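Visitor: The structure's right below; bear with me while I get my questions together.
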Amino acid sequence: MKKTLASAGLVLGLLLVPSGYGFDRVTGHHFASRSEVLAQNGMAATSQPLATQVALDILKQGGTAVDAAIAANAMLGLVEPTGSGIGGDLFAIVWDADSQQLYGLNGSGRSPRSLTLKEFERRGLSRIPAYGPLPVSVPGAVDGWFELHGRFGKLPMSTLLAPAIHYAEQGFPVTELIAYYLNRSAAKLSRYPGFTQTFMPDGSMPAKGEIFRNPDLAYSYKILAREGRDGFYKGEIARRIDAYMKDNGGFLSYEDLASHHSEWVTPVKVNYRGYDLWELPPNGQGIAAQQILKILEGYDLAAMGRDSADYVHTFVEAKKLAFADRAKFYADMAFAEVPVSELLSESYARERRQQIDPKQAASSVNPGNPALNHGDTIYLTTADRHGNMVSLIQSNYRGMGSGMTPEGLGFVLQDRGELFNLAPGQANSYAPGKRPFHTIIPAFVTKAGKPWLSFGVMGGATQPQAHAQILINLIDFGMNLQEAGDAPRILHTGSSQPTGEIMSDGGSVSLENGFSAGTRRELVQRGHRLQENSGSYGGYQAILWDAVNGSYVGASESRKDGQAAGY
């Protein structure tokens, strides 16, 4: 009888455990989806396995980490157009083994010079539309590739683009999650000229496993391989984009493309419990992750425990504070004075920390007052046998972008311009020739001045929240690299935004499966509004350098179609 009761209790216990827990693995945390990937000579982690394999092939041919990253990004523009493409922007952080330094590249494009704030006012718009010609800004990704390649590349660009050209012409089987997002995009974007001809030549989006080809994208890649970046910004591609936009009520012009340039920037760092997290300065949102961590550094998160109301509450309240500053200050630093060093200072973190009520969720949060001193996305990471590492993120925004698809080129133009604020006088207010507030952020971590971790998490405003959680999982909760990404995530939505929205109701908290009912119940008692969410928790890739064993450790997002692999 006792054995029967014990068995019944075991079954009942299993039934009460939230879904998302795995019981088949004999090592590591129960939520881990797989082991870390280990390799000595090179590593790549991307959101689609074919792109990962292309990166490895380039590394095996003697290419650098930058070469591999460019080849993988070109491949992702083909196989995962729901999150990337040469119609979008790019940011990267590169660890250069020769100089033992980090280099940052801001490859984001600017707004059309012929489109003014008065034009939006004339149209009676209080927000820039999500789709169509108005949110289109200059695509910066291609110039970003050539800037990176010119400084850190080794193999010819024609070699790097050859695999993507081959697959674009011969076809590839569409993977599960990408097929899902392709079909979701069809309803919104199929009304825009050129979209169906490029992505739905048979009248429908490809299903999982169906072979898809994009010969128009192969044509564009061949131009880049033959003519370089000027083939995009001053040659045939630029002329086609210009004509297409003029024919369809757009403002992006040949002159906007011809005058575009990326910007090499100095990454900024904060120290979190002995580890230096590096992010790029605005117009991106990377420093929000750093602000969150500096606030949280004043708490003993390990003692709180990952599945506790204390930890989740404290994390969410810190996020609200950082995002209030994000809404007010983050913008193109060529147009706005952003107090980066003050926002990341120890004293400012202490000041903001004091505003957290440990027992009550804040319904509204004001931005701080730092003293002013004058002075849907893909993420991939690669590493080569010489110790070079690349953290690269690239997207069109809103998945496939604006819907505007110039005929014969094989890609969609981005809609990043949607992220401007149309209210005048704000840091992120719209202006011609200005870079919009940007969500995509690469990250890098060093320890004692040496490379430790290249990582990123795709997914809009999820990104800085997830950056902070990845490091907390690694440093405070002692997880390995794969577990740190697989662990159930916290997502807060509804904060004040750089586009002008102000939080007045505290927003909403979503918790992935794996947080206990007791934690959820106590969060509600503290005033948090919980809501279900699916698919918004981001997509993680990471490579860690294990200095003790002299090898790389790779991890890939279990929520995506991707793969980490090495040799």
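Quick note, the sequence shown lines up with residues 1 to 567 if you use full-length UniProt numbering.
Glycine included, each C-beta is placed from N, C-alpha and C at the ideal position.
Nothing here was measured: the structure is a model prediction, and the numbers come from that model.
1. Note down the Cα distance separating residue 372 from residue 496, rounded to an integer number of angstroms.
2. Rounded to a whole number of angstroms, what is the C-alpha to C-alpha distance between residue 505 and residue 367?
3. For the beta strand (DSSP E) holding residue 458, just list the boundary residues, first then last.
4. What residue ranges within the region 455-489 form continuous alpha helix (DSSP H) runs of no fewer than 4 residues, ordered along the chain?
5. What's the C-alpha gap between residue 151 and residue 239?
6. Which complete beta strand (DSSP E) runs does the region 79-146 hold, if anything under 3 residues is left out?
7. In or out: residue 374 buried (at least 16 other Cβ within 10 Å) or exposed?
8. With DSSP collapsed to three states, give me the class of residue 397.
9. Nearest to residue 500 by CA position, among 327, 344, 524 and 566, is which residue?
10. Hey, would you say residue 46 sits closer than 8 Å to residue 71, going by beta carbons?
11. Quick one: grab the DSSP three-state call for residue 568.
12. Using beta-carbon positions only, say whether residue 445 and residue 567 come within less than 8 Å of one another.
13. Name the DSSP beta bridge partners of residue 492, please?
14. Report buried or exposed for residue 126, applying the criterion of at least 16 other Cβ atoms within 10 angstroms of its Cβ.
15. What ranges does the alpha helix (DSSP H) occupy inside the region 280-319, keeping only unbroken runs of at least 4 residues that lie completely in it?
16. Tell me, please, which residues DSSP counts as bridged to residue 591.
17. Check whether chain B comes within 8 Å of residue 299, counting only Cβ atoms and requiring the distance to be less than that.
18. Quick check: the region 510-523 against the region 327-344, are there 3 or more CB pairs under 8 Å?
19. I need the DSSP call for residue 161, collapsed to helix, strand or coil.
20. Tell me which same chain residues have a C-beta within less than 6 Å of the C-beta of residue 245, skipping the five on either side of it?
21. For residue 330, which of helix, strand or coil comes out of DSSP?
22. Return yes when the Cβ of residue 498 is within less than 8 Å of the Cβ of residue 388, no when it is not.
23. Suppose the cutoff is 7 Å on Cβ atoms and the five residues either side in sequence are ignored; what does the same chain contact list for residue 524 look like?
24. Can you check which of these residues, 448, 465 and 443, is closest to residue 455 by C-alpha distance?
25. So does the region 163-173 actually touch the region 50-60, counting three or more Cβ pairs closer than 8 Å?
26. In the DSSP assignment, the beta strand (DSSP E) including residue 546 goes from what residue to what residue?
27. Is residue 26 buried or exposed, if buried means 16 or more other CB atoms sit within 10 Å of its CB?
Guide: Short version:
1. Position 372 of the sequence shown holds residue 372. Position 496 of the sequence shown holds residue 496. For residue 372, the pLDDT reaches just 48, beneath the cut-off of 50, and the residue's location in the model is therefore unreliable, leaving the point undetermined.
2. Taking the first residue of the sequence shown as position 1, residue 505 is located at position 505. Taking the first residue of the sequence shown as position 1, residue 367 is located at position 367. In a straight line, the C-alpha of residue 505 is about 16 Å away from that of residue 367.
3. Looking up residue 458 in the sequence shown gives position 458. Run containing residue 458: 450-458, per the beta strand (DSSP E) assignment.
4. 462-475 and 481-486
5. As a working note, residue 151 is residue 151 in the sequence shown. As a working note, residue 239 is residue 239 in the sequence shown. Their backbone Cα atoms lie some 28 Å apart in a straight line.
6. 89-96 and 101-107
7. Within the sequence shown, the letter at position 374 stands for residue 374. Because residue 374 sits at a pLDDT of 34, beneath the cut-off of 50, its placement in the model cannot be relied upon, and the point is left open.
8. Translated into positions along the sequence shown, residue 397 becomes position 397. Coil at residue 397, not helix or strand.
9. Counting from one through the sequence shown, the residue named residue 500 turns up at place 500. Measuring from the Cα of residue 500, the nearest candidate turns out to be 327.
10. The residue given as residue 46 occupies position 46 in the sequence shown. The residue given as residue 71 occupies position 71 in the sequence shown. Result no, Cβ atoms of residue 46 and residue 71 do not sit closer than 8 Å.
11. The structure shown does not extend to residue 568, since the chain is modelled only from 1 through 567, so no value can be given for it.
12. For the purposes of this step, residue 445 is identified with residue 445 of the sequence shown, where counting begins at 1. For the purposes of this step, residue 567 is identified with residue 567 of the sequence shown, where counting begins at 1. Cβ atoms of residue 445 and residue 567: not closer than 8 Å.
13. Position 492 of the sequence shown holds residue 492. In the DSSP output, where bridge partners are listed per residue, residue 492 has 509.
14. Sequence index remark: in the sequence shown, residue 126 carries index 126 (1-based). Exposed, by the Cβ-count rule.
15. 286-296 and 301-304
16. Absent from the structure is residue 591, since the part of the chain shown begins at 1 and ends at 567.
17. Chain labels in this structure do not include chain B; a single protein chain is all it has.
18. no
19. Residue mapping note: residue 161 aligns to position 161 of the sequence shown, counting from 1. Helix at residue 161.
20. Taking the sequence shown and counting its residues from 1, one reaches residue 245 at position 245. Answer for residue 245: 252, listed in chain order.
21. Taking the sequence shown and counting its residues from 1, one reaches residue 330 at position 330. If DSSP states are grouped into helix, strand and coil, residue 330 belongs with coil.
22. Here residue 388 refers to the residue found at position 388 when the sequence shown is read from its first residue. Here residue 498 refers to the residue found at position 498 when the sequence shown is read from its first residue. Cβ distance not < 8 Å, so residue 388 and residue 498 don't count as in contact.
23. Along the sequence shown, one-based indexing puts residue 524 at 524. The residues are 530.
24. For the purposes of this step, residue 455 is taken as the residue at position 455 of the sequence shown. Of the candidates 448, 465 and 443, the one whose C-alpha sits nearest the C-alpha of residue 455 is 443.
25. yes
26. Residue 546 sits at position 546 when you count from the first residue of the sequence shown. That run of the beta strand (DSSP E) goes 539-546.
27. Along the sequence shown, one-based indexing puts residue 26 at 26. The residue is exposed, with fewer than 16 neighbouring Cβ atoms inside 10 Å.
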